[in-house]
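J.: In numbering that gives the first Met the number 0, the protein residues as written are 0 to 90.
Cβ atoms here follow ideal geometry from the backbone N, Cα and C, with glycine treated the same way.
It should be emphasised that the depicted structure is a prediction, and the values quoted were computed from it without experimental measurement.
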Amino acid sequence: MPKITNTSSGTSADCEEGGSFREAAQAGGLGIPFGCENGICSTCLIKIGSGMENLSERTDQEEMTLDARGADDNVRLACQCKVNGDVSFEQ
C-alpha cells in the first residue's frame, strides 16, 4: 500500500493504490488545508520531495491553477492527485 509522507511534520498516511491524495491526507491527519477541492483555489499546494512519478498526471484545471501561480514543476495540488506509489511532500 502506498504511503504519503509530510516531511514538514514527519507524519505519514497509507493510501490505496490509485486512491485520492486528498482523502488519504485528511484521514491520516497530514495537516494539508483544503479549500474548494476542485483545483481552483490552490489552498492545498504542496511541494513534492520524492515520488512525483507515483502521482497521476496534472488535470487541465490543476495545470491552469499552477501556471497562474507560477509554480515550479515539483509543485502539485493535493486535491487533484491520485496516488500510485510512495510520495513525500512538504508544505
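Looking at C-alpha atoms only, which residue of T6, E36, A26, G9 is the closest neighbour of E15?
T.: Translated into the one-based positions of the sequence shown, residue 15 becomes position 16. It is A26.
J.: May I ask you to report which of helix, strand or coil DSSP gives A26?
T.: Position 27 of the sequence shown, counting from 1, holds the residue named residue 26. A26: helix per DSSP, three-state reduction.
J.: Name the two residues that bound the continuous beta strand (DSSP E) containing R75.
T.: Counting from 1 along the sequence shown, the entry for residue 75 is found at position 76. That run of the beta strand (DSSP E) goes 74-76.
J.: Looking at the unbroken alpha helix (DSSP H) that takes in L44, where does it start and where does it end?
T.: One-based indexing of the sequence shown puts residue 44 at position 45. No alpha helix (DSSP H) holds L44; the beta strand (DSSP E) holding it covers 44-49.
J.: Take the Cβ of R21 as the centre, count every other Cβ of all protein chains shown within 10 Å, and call the residue buried at 16 or more, exposed below.
T.: On the sequence shown, position 22 is the one that residue 21 refers to. Counting of Cβ neighbours within 10 angstroms places R21 among the buried residues, the total reaching 16 or more.
J.: What is the residue span of the beta strand (DSSP E) that D13 lies within?
T.: Your numbering for residue 13 matches position 14 in the sequence shown. Segment 10-13, the beta strand (DSSP E) holding D13.
J.: Go through its chain and collect everything with a Cβ distance to S11's Cβ below 8 Å, but skip five positions before and after it.
T.: Working through the sequence shown from its first residue, we reach residue 11 at position 12. Within the same chain, S11 has close Cβ partners K2, I3, T4, N5, G27, L29.
J.: For E61, which residues from the same chain have a beta carbon less than 8 Å from its beta carbon, with the 5 sequence-adjacent residues on both sides left out?
T.: For the purposes of this step, residue 61 is identified with residue 62 of the sequence shown, where counting begins at 1. Answer for E61: G38, R75, L76, Q79, listed in chain order.
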